[in-house]
Amino acid sequence: MSAYGAIRTSNRPTEPLATTIWYRPARKADLAQPSPSINYVTIHHLTLKAALEYSDLVPYLHASFAEELERGMTYPQEILQGETYTQLAFEGYFFAADVLVAIIGHDNAFAEGKQDGNEVRTTLDEARNGRSWEECIAGFYYVKPNYPGRSSHICNAGFLIPSAQRSRGFGAVLARSYLHYGPRLGYEASVFNLVYVNNVASVRLWEALNFTKAGLIPRAGRLRKADGSGEEYVDAWVFYKRFGDDSVEKEKQKTS
Numbered sequence: 001m002s003a004y005g006a007i008r009t010s011n012r013p014t015e016p017l018a019t020t021i022w023y024r025p026a027r028k029a030d031l032a033q034p035s036p037s038i039n040y041v042t043i044h045h046l047t048l049k050a051a052l053e054y055s056d057l058v059p060y061l062h063a064s065f066a067e068e069l070e071r072g073m074t075y076p077q078e079i080l081q082g083e084t085y086t087q088l089a090f091e092g093y094f095f096a097a098d099v100l101v102a103i104i105g106h107d108n109a110f111a112e113g114k115q116d117g118n119e120v121r122t123t124l125d126e127a128r129n130g131r132s133w134e135e136c137i138a139g140f141y142y143v144k145p146n147y148p149g150r151s152s153h154i155c156n157a158g159f160l161i162p163s164a165q166r167s168r169g170f171g172a173v174l175a176r177s178y179l180h181y182g183p184r185l186g187y188e189a190s191v192f193n194l195v196y197v198n199n200v201a202s203v204r205l206w207e208a209l210n211f212t213k214a215g216l217i218p219r220a221g222r223l224r225k226a227d228g229s230g231e232e233y234v235d236a237w238v239f240y241k242r243f244g245d246d247s248v249e250k251e252k253q254k255t256s
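Residue numbers (full-length UniProt numbering): 1 to 256.
In structure tokens, the structure reads:
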């Protein structure tokens, strides 16, 4: 539900979009491993109906998101004392339209000869390869219209990297895949309504992908402090990008 009420999606494809492969740059920690590191994920397009067919998948996504809301540092939703953020509430919010789930690869041979965004033939069960969801889900995000009707060609997305997979570079991988899936889900552009200025990693990420800072909202969020000493009001950026429009980057290249 939004300030406009329930928003219907009119341009969604009738069938799930193809699974794709995306690469995570090797990191110093990977080089210290005794065996070659796995540095790719596969991205799977799911609706709620499809996700519920997999045992414990939606409960795991719900628990991961509820944990993030409890942290009180990135999303505006607040779980008040004595309240429970139910799976039903999560389904209604996160699965309002489309969800993309990233599964960490398990076989370097599978990735040979493939490039970022290539379509691959693998099911979610095959990609999971017997692992727990906690072990194999690198992250997930929703895509849904930001506005209704005449402005429903502009989408919004919400990203989450589960606590078990943070600081491994997966956020940047999911963000790149969003630029692939957003237009294929029928959208022309993207708006992020609230990117809190103290979420430095997210701000840098969208700047690197040539999103425009469309505005600054003062005191947009009452967030918990990272040191646990209380709460504070934090400003937030509004980011915008038209899919396929990298004119800003092209202009930079001309003048460099």
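In this text, a Cβ means the ideal position worked out from N, Cα and C, and glycines have one as well.
Only a predicted model underlies this, so the values are computations on that prediction, with no experimental measurement involved.
Could you round the C-beta distance between residue i and residue j to whole angstroms and report it? I think they count as a contact, below 8 angstroms.
i	j	result
VAL173	GLY105	No, VAL173 and GLY105 are not in contact; Cβ-Cβ is about 11 angstroms, not under 8 angstroms.
TRP22	ARG176	6 angstroms
THR20	HIS180	7 angstroms
TYR240	PHE211	6 angstroms
GLU68	THR74	6 angstroms
PHE159	GLY182	Actually they are not in contact, since the Cβ atoms of PHE159 and GLY182 sit about 12 angstroms apart, beyond 8 angstroms.
GLY169	ARG12	Not confirmed; about 30 angstroms, so no contact.
ASN39	ALA26	6 angstroms
LEU17	ARG184	6 angstroms
TYR54	LEU100	Going by Cβ atoms, the distance from TYR54 to LEU100 rounds to 15 angstroms, so no, they are not a contact pair.
SER37	PRO162	Contact flag wrong, Cβ pair sits at about 19 angstroms.
Applying the 10 Å Cβ sphere with the 16-neighbour rule, what's the burial state of residue i?
i	result
GLN165	buried
VAL200	exposed
GLY244	exposed
ILE103	buried
GLY171	buried
residue 259	With the chain represented from 1 up to 256, any question about residue 259 goes unanswered, as that position is not in the structure.
LEU61	buried
GLN253	Since pLDDT at GLN253 reaches only 45, below the 50 mark, its modelled position is unreliable, and the value read off the structure follows with that caveat. The residue in question, GLN253, is exposed, as its Cβ has fewer than 16 Cβ neighbours within 10 Å.
ALA208	exposed
ALA127	buried
LYS144	buried
ILE79	exposed
SER151	exposed
PHE216	Inspection of the sequence shows that residue 216 is occupied by Leu rather than by Phe. Counting Cβ neighbours within 10 Å, LEU216 comes out exposed, since fewer than 16 surround it.
ASN146	buried
LEU88	exposed
SER167	exposed
SER132	exposed
SER190	buried
SER202	buried
Could you spell out where the beta strand (DSSP E) holding residue i opens and where it closes?
i	result
VAL197	Looking at the DSSP string, VAL197 is not in any beta strand (DSSP E), and its letter there is neither H nor E.
ASN108	ASN108 -> not in any beta strand (DSSP E); alpha helix (DSSP H) instead, spanning 108 to 111.
GLU141	In the sequence under discussion, the amino acid at residue 141 is Tyr, which differs from the Glu named in the question. Looking at the DSSP string, the run of the beta strand (DSSP E) that includes TYR141 is 137 to 145.
GLU53	That residue, GLU53, is in no beta strand (DSSP E); it is neither H nor E in DSSP.
ASP98	98 to 104
GLY158	154 to 160
residue 284	Since the displayed the chain opens at 1 and closes at 256, residue 284 lies outside it and no answer follows.
ARG224	212 to 224
PHE239	231 to 242
ILE21	20 to 23
Residue i lies in the alpha helix (DSSP H); which residues open and close that run?
i	result
GLU91	87 to 94
GLU70	57 to 71
TYR75	Premise fails: TYR75 is in no alpha helix (DSSP H) and is neither H nor E.
TYR181	170 to 184
ALA127	124 to 128
Check whether chain B comes within 8 angstroms of residue i, counting only Cβ atoms and requiring the distance to be less than that.
i	result
SER132	The chain labelled as chain B is not found in the depicted structure, where only one protein chain is given.
Q.
Under 8 angstroms, with one C-beta from each stretch per pair, do the region 44 to 51 and the region 110 to 121 reach the 3-pair mark?
A. no
Q: Taking 8 angstroms as the threshold, find out whether the region 89 to 97 comes into contact with the region 220 to 227 through three or more Cβ pairs.
A: no
Q. Below 8 angstroms, can you find three or more Cβ-Cβ pairs linking the region 186 to 199 to the region 228 to 235?
A. yes
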